[in-house]
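Asks:
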Amino acid sequence: MGRGRAKAKQTKVARELKYFSPDTDLSALQRELGGSDASPATDQDEYDDAYDDLANKYSDYSDYDDEPDSRRRTAG
Numbered sequence: 019m020g021r022g023r024a025k026a027k028q029t030k031v032a033r034e035l036k037y038f039s040p041d042t043d044l045s046a047l048q049r050e051l052g053g054s055d056a057s058p059a060t061d062q063d064e065y066d067d068a069y070d071d072l073a074n075k076y077s078d079y080s081d082y083d084d085e086p087d088s089r090r091r092t093a094g
């Protein structure tokens, strides 16, 4: 009991989301999609640079050379 109101509300909200079209800021979209060469650095760029530095620092080490292959079965 009481499921009818909840379902009706969910249907109403779903319909509003489906057919709602907000005003689009086309100039902002153009700036975002245009992409300039002088775009400011992002946090992701800084993260990638730090990751690359660590990857280069530890590229001589291999974690997999010393570990036994766990998929192989040993006779025994």
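Residue 19 is where the sequence shown starts when you use our numbering, and the numbers rise one by one after that. Don't be surprised by glycine CBs; every beta carbon is placed ideally from N, CA and C.
1. Along the chain, where does the alpha helix (DSSP H) containing Tyr16 start, and where does it finish?
2. By the three-class DSSP mapping on this structure, what secondary structure does Thr42 have?
3. I need the boundaries of the alpha helix (DSSP H) containing Gly22, first residue and last residue.
4. When you compare only the Cα positions, how much space is there between Tyr37 and Lys30?
Replies: Checking against the coordinates, here is how it stands:
1. Coverage of the chain is limited to positions 19 through 94, which leaves residue 16 absent and any answer about it impossible.
2. Residue state, collapsed to three classes: coil.
3. Arg21 to Tyr37
4. 11 Å
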